[in-house]
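Enquirer:
Residue numbers (my numbering): 525 to 660.
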């Protein structure tokens, strides 16, 4: 092994060792998500000019205006609205409605096992959303 190859090997081992030290260190180099904001598009509508208005004509949509709402994590799963649940990764409007329907019929969620009883939430999805919810 010549000198340049030794330098490359040393550099590779150094970087690998540094990576393992960072991975195994007690501090978390990746920041956690404290809040998440999402937005809904609300159309801005302008009526047709009076001279062109006929019965049955609909107003035209000029542009959309985004309204943003801020969601604070962790979300209280037993009090969360559909919009708050939709802010969770992997939870859409239908799943949020199923979570709320299950909560209203069966009662409040006490643990992750109760949450997994909702159709559409398995082990993988529950592990994804558990850090961002609390059971109160």
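All C-beta atoms in this analysis are idealised placements derived from N, C-alpha and C, irrespective of residue type, glycine included.
Classify residue 615 as helix, strand or coil using the three-state DSSP reduction.
Expert: Locating residue 615 in the chain shown gives position 91, where the first residue counts as 1. Coil, per DSSP.
Enquirer: Smallest Cα separation from residue 598: which of 549, 657, 642?
Expert: By one-based count along the chain shown, residue 598 stands at place 74. Comparing Cα positions, the closest option is 657.
Enquirer: Cα-Cα, which of 594, 626, 531 is closest to residue 645?
Expert: Counting from one through the chain shown, the residue named residue 645 turns up at place 121. The candidate whose alpha carbon is nearest that of residue 645 is 626.
Enquirer: I'd like the span of the alpha helix (DSSP H) that includes residue 546, first residue to last.
Expert: As a first step, residue 546 is located in the chain shown; it is residue number 22 there, counting from the start. Residues 527-548.
Enquirer: Report buried or exposed for residue 534, applying the criterion of at least 16 other Cβ atoms within 10 angstroms of its Cβ.
Expert: Taking the chain shown and counting its residues from 1, one reaches residue 534 at position 10. Burial call: exposed.
Enquirer: Return the residue from the list 643, 614, 529, 622 that minimises the CA-CA distance to residue 654.
Expert: As a position in the chain shown, residue 654 is number 130, starting the count at 1. For the residues 643, 614, 529, 622, the minimum Cα distance to residue 654 belongs to 614.
Enquirer: To the nearest angstrom, how far is it from the Cα of residue 531 to the Cα of residue 550?
Expert: Here residue 531 is taken as the residue at index 7 of the chain shown, counted from 1. Here residue 550 is taken as the residue at index 26 of the chain shown, counted from 1. Roughly 30 Å separates the two Cα atoms.
Enquirer: Note down, in chain order, each residue of its chain lying with its Cβ closer than 7 Å to the Cβ of residue 617, except the 5 sequence neighbours on either side.
Expert: Taking the chain shown and counting its residues from 1, the one referred to as residue 617 is at position 93. Contacts found: 606, 610.
Enquirer: What separation, rounded to the nearest whole angstrom, lies between the Cα atoms of residue 634 and residue 545?
Expert: What you label residue 634 is simply residue 110 of the chain shown in a count that begins at 1. What you label residue 545 is simply residue 21 of the chain shown in a count that begins at 1. If you take the alpha carbons of residue 634 and residue 545, they lie about 37 Å apart.
Enquirer: Residue 622 and residue 643 look like a contact to me (Cβ under 8 Å); what is the Cβ gap, rounded to whole Å?
Expert: Locating residue 622 in the chain shown gives position 98, counting from the first residue. Locating residue 643 in the chain shown gives position 119, counting from the first residue. Rounded, the Cβ-Cβ distance is 6 Å, consistent with contact.
Enquirer: Quick one: using the 10 Å Cβ neighbour count with 16 as the cut-off for buried, is residue 637 buried or exposed?
Expert: Within the chain shown, numbered from 1, the residue matching residue 637 stands at position 113. By the 10 Å Cβ count, residue 637 comes out exposed.
Enquirer: Once DSSP output is grouped into helix, strand and coil, what is the label at residue 594?
Expert: Position 70 of the chain shown holds residue 594. In this structure, residue 594 counts as strand in the three-state DSSP scheme.
Enquirer: Compute the Euclidean distance between the alpha carbons of residue 528 and residue 548, then round it to the nearest angstrom.
Expert: Residue mapping note: residue 528 aligns to position 4 of the chain shown, counting from 1. Residue mapping note: residue 548 aligns to position 24 of the chain shown, counting from 1. Distance between the alpha carbons of residue 528 and residue 548: 30 Å.
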